[in-house]
Structure formats: C-alpha cells, structure tokens
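Heads up: the structure comes next, in structure tokens.
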Amino acid sequence: MGLFRSTPKLATVLGRAFRCLVCGCSEFWDREVKLNTSAAEFFDLAWANRSALGLICARCGYVHEFAGRDKPELWKLDKGYPAGAE
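Number 86 marks the last residue of the sequence shown (UniProt numbering); no jumps.
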C-alpha cells in the first residue's frame, strides 16, 4: 500500500500474537483512527472525537480498530515477537 512510509510491524494483543481476522497475515501498519460521531461532525467538532489505534493488514488492507485500554503492542519485523507471544 503506497499510503504508508514505514515498514509493517508485528502486533500482540493481551500478550498473544495478533493476525488479521480476514487473511491471517501477521504484518500491520499502524495509525490513529478517529471514532467520528454524527453530532460532532454536524457542529464541525470532529477534532474532539475519541481516537483508536488502527492496525491495517499489510496483505489485504483490512482495518482492525482498538479503542480500549488494552491496545496492541507493536514489534519490529526483524526482531520478531517477544518470548511466549507466538
């Protein structure tokens, strides 16, 4: 995907290796995703909406959103997952 400058990363969620729910790929780009509400959009207050972490699958492009306190941890591809995460 030409939209991302960085290299994809591996991710763990709650200490477990995370894979794409659609294609099973383990490589993701990450970015902030705004959780827009129609009221904020109507009053031109979109900047005030909450944010989530988006993991975009490097293979199929599916966007996984994480808005809770237990957000994914990201790992460099060349370093691999931490011990016990696979």
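Just so it is clear, CB atoms sit at the ideal spot from N, CA and C, and this is done for glycine as well. All figures in this text were calculated on a predicted structure; none of them were measured in a lab.
Legend entry - 8 Å Cβ cutoff met for residue 53 and residue 30: As a position in the sequence shown, residue 53 is number 53, starting the count at 1. As a position in the sequence shown, residue 30 is number 30, starting the count at 1. Yes, the Cβ-Cβ distance between residue 53 and residue 30 is below 8 Å.
Inset, instruction - Below 6 Å CB to CB, which residues in the same chain sit around residue 73 once its five sequence neighbours on both sides are set aside? - result: As a first step, residue 73 is located in the sequence shown; it is residue number 73 there, counting from the start. Here the set comprises 12.
Inset, instruction - Measure the CB-CB distance between residue 64 and residue 21 and report whether it falls below 8 Å. - result: As a first step, residue 64 is located in the sequence shown; it is residue number 64 there, counting from the start. As a first step, residue 21 is located in the sequence shown; it is residue number 21 there, counting from the start. Result yes, Cβ atoms of residue 64 and residue 21 sit closer than 8 Å.
Inset, instruction - Using three-state DSSP, classify residue 28 as helix, strand or coil. - result: Within the sequence shown, the letter at position 28 stands for residue 28. Note: residue 28 maps to strand in three-state DSSP.
Legend entry - Proximity of residue 58 and residue 8 at Cβ, strictly below 8 Å: Stepping through the sequence shown from its first residue, residue 58 is reached at position 58. Stepping through the sequence shown from its first residue, residue 8 is reached at position 8. Taking 8 Å as the Cβ cut-off, residue 58 and residue 8 qualify as a contacting pair.
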